[in-house]
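Asks: Okay, handing you the structure first.
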Amino acid sequence: MKRQRNSQDILPPPARIIATVFLISFVLIPVIYTVLLSVTPDSEISGGEHLLPSHWAFNNYIQMWITVNLAQGLFNSLFISLIASAIAVILAVGAGYVISRFKFHGRLPYLYSLIGLQTVPGVMLLLPLFVLFASIQAVLHFKLVGTYQAVIVTYLTFALPFATWLMVSYLGSIPIDLEEAALVDGATRLQALWSVIVPLALPGVVVALVFSFLTGWNDVLFASVLTAPETRTIAVQLQAFSSAQEGGALPLYGQLMGASVVSALPVVVLYMVFQRYLVGGLTAGGVKG
9 MKRQRNSQDI LPPPARIIAT VFLISFVLIP VIYTVLLSVT PDSEISGGEH
59 LLPSHWAFNN YIQMWITVNL AQGLFNSLFI SLIASAIAVI LAVGAGYVIS
109 RFKFHGRLPY LYSLIGLQTV PGVMLLLPLF VLFASIQAVL HFKLVGTYQA
159 VIVTYLTFAL PFATWLMVSY LGSIPIDLEE AALVDGATRL QALWSVIVPL
209 ALPGVVVALV FSFLTGWNDV LFASVLTAPE TRTIAVQLQA FSSAQEGGAL
259 PLYGQLMGAS VVSALPVVVL YMVFQRYLVG GLTAGGVKG
């Protein structure tokens with residue numbers, strides 16, 4: 009019998025160690041350099057003469073909150089991204105369940121449209137969305153541009169198709185026998201979905217949630233047009249921060265790097281919290297043979 013080859017046998021141990029060290033260094037060096045610049049005085053960053061600072065400027069992390077309203081940007085990004093990702097996942101689970109479990113006219117065109125929407129550049133939707141929101145404002149006399157609602161709806165146009173396609177793939181791979189067993193025991197469709205299907209599809213739900221969250225968190229283009237000063241996201245605040253100067257003197261590179269580090273922390277925490285779901289099996293423990 010032919011022995012199955014282990015994936016670790018592709019490279020000898022020394023080559024695996026070298027490759028691992030190279031990849032880790034490739035990822036960590038920019039992060040370490042960013043953190044190092046965040047505690048370096050601005051005059052030394054502009055000069056670029058020394059790799060390590062002559063003294064640690066930890067006050068950069070204090071001054072950056074005063075220079076730009078960073079706290080408001082963090083709150084706005086968290087609020088908008090969490091609401092948009094939660095709505096996208098809830099709707100995607102329902103749509104994915106219907107598409108994967110029922111046959112109906114228009115099912116395939118709808119699936120193909122989900123793929124087609126992923127190929128449309130986001131910049132092409134900026135003007136149509138702005139005109140649409142402005143028209144709704146004019147007709148209903150309801151302020152939309154510059155509010156949280158406009159940005160959330162905009163992010164849903166990108167997050168929902170991806171999340172729905174992902175949930176169709178995940179839910180379609182779950183054995184229908186588990187659901188039918190719950191229906192035989194007297195559960196309704198909604199109860200079977202919530203009690204049986206969703207727990208098994210939790211890794212897929214988490215992946216959809218994380219990527220939907222990142223859609224809103226990393227966006228600059230739509231947030232810079234559709235937000236007002238009081239609803240600006242952290243990405244827009246960082247863009248404005250990059251050109252901020254103190255009394256027309258040196259650019260505030262240290263504070264900018266500190267703000268970048270702080271803005272990256274929520275995403276890092278998100279990955280750490282959901283790491284076991286991101287790498288976990290889809291239906292592990294769902295069916296016992």
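Sequential numbering of the sequence shown, starting at 9, is according to the numbering used here. Note that beta-carbon positions come from the ideal geometry of N, C-alpha and C, so glycine has one too.
(1) Find the nearest neighbour of R109 within the set M175, N77, F166, G124, judged by alpha-carbon distance.
(2) Enumerate in chain order the residues of its own chain whose CB-to-CB distance from T42 is below 8 angstroms, with the five nearest sequence positions on each side excluded.
(3) According to DSSP, is T235 part of a helix, a strand, or is it coil?
(4) Where do the N-terminal and C-terminal ends of the alpha helix (DSSP H) with P136 fall, by residue?
(5) In the DSSP assignment, find the alpha helix (DSSP H) that holds F34 and state where it starts and stops.
(6) Over what stretch of residues does the alpha helix (DSSP H) that includes W173 continue unbroken?
(7) Is DSSP giving G294 helix, strand or coil here?
(8) Could you tell me if the beta carbon of L186 falls within a distance shorter than 7 angstroms of some heavy atom in the ligand FAD?
(9) Out of P49, Q80, L168, which has the shortest C-alpha to C-alpha gap to L222?
(10) What's the C-alpha gap between V214 and E52?
(11) What separation, rounded to the nearest whole angstrom, lies between the Cα atoms of L125 and Y285?
(12) Once DSSP output is grouped into helix, strand and coil, what is the label at P259?
(13) How many Å lie between H63 and S33 at the Cα?
(14) I need the straight-line Cα distance from P49 to N77, nearest angstrom please.
(15) Give every residue of the same chain whose Cβ lies closer than 6 angstroms to the Cβ of L186, excluding the five residues on either side of it in the sequence, and list them in chain order.
(16) Assign Q225 to one of two classes, buried (16 or more other C-beta atoms within 10 Å of its C-beta) or exposed (fewer than that).
(17) Check each candidate in L36, I123, A142 and name the one with the smallest Cα separation from L234.
(18) Looking at the structure shown, is T75 part of a helix, part of a strand, or coil, going by DSSP?
(19) Please work out which residues of its chain come closer than 8 angstroms, Cβ to Cβ, to F138, disregarding the five sequence neighbours upstream and downstream, and give them in chain order.
(20) For A209, which three-state DSSP category applies?
(21) Taking Cβ positions, are Q263 and Q71 nearer each other than 8 angstroms?
(22) Smallest Cα separation from I91: which of L31, I160, L134?
(23) Does R240 pass the burial test, meaning 16 or more other C-beta atoms within 10 Å, or should it be called exposed?
(24) Could you please give the first and the last residue of the uninterrupted alpha helix (DSSP H) stretch that includes A243?
(25) Identify, in the order they occur along the chain, each residue of the same chain with its Cβ nearer than 8 angstroms to the Cβ of L278, setting aside the five sequence neighbours on each side.
(26) Which residues in the same chain as R115 place their Cβ atom closer than 7 angstroms to its Cβ, once the five residues preceding and following it in sequence are excluded?
(27) Please confirm whether T127 has its beta-carbon closer than 8 angstroms to some beta-carbon of chain B.
(28) Report the three-state DSSP secondary structure of V192 (helix, strand or coil).
(29) Is A65 helix, strand or coil when you go by DSSP?
(30) From V147, A23, A216, pick the residue whose C-alpha is nearest to that of W8; which is it?
(31) Pull up the CB-CB distance for F87 and Y156, whole angstroms please, since I reckon it's below 8 angstroms.
Replies: The relevant details are as follows:
(1) M175
(2) M265, S268, V269
(3) strand
(4) 131-148
(5) 21-46
(6) 156-180
(7) Unreliable placement is indicated for G294, whose pLDDT of 41 sits below 50; the coordinate value is still reported in the next sentence. DSSP places G294 in coil when its eight states are reduced to three.
(8) Among the ligands in the structure shown, none appear at all, so the ligand FAD cannot be discussed.
(9) L168
(10) 43 angstroms
(11) 27 angstroms
(12) strand
(13) 25 angstroms
(14) 21 angstroms
(15) V204
(16) The sequence as given places Trp at residue 225; Gln does not occur at that position. The residue in question, W225, is buried, as its Cβ has 16 or more Cβ neighbours within 10 Å.
(17) A142
(18) helix
(19) V153, V233, L234
(20) coil
(21) yes
(22) I160
(23) buried
(24) 242-249
(25) V218, F221
(26) I107
(27) In the structure shown, chain B does not exist; there is a single protein chain.
(28) helix
(29) coil
(30) Coverage of the chain is limited to positions 9 through 297, which leaves residue 8 absent and any answer about it impossible.
(31) 7 angstroms
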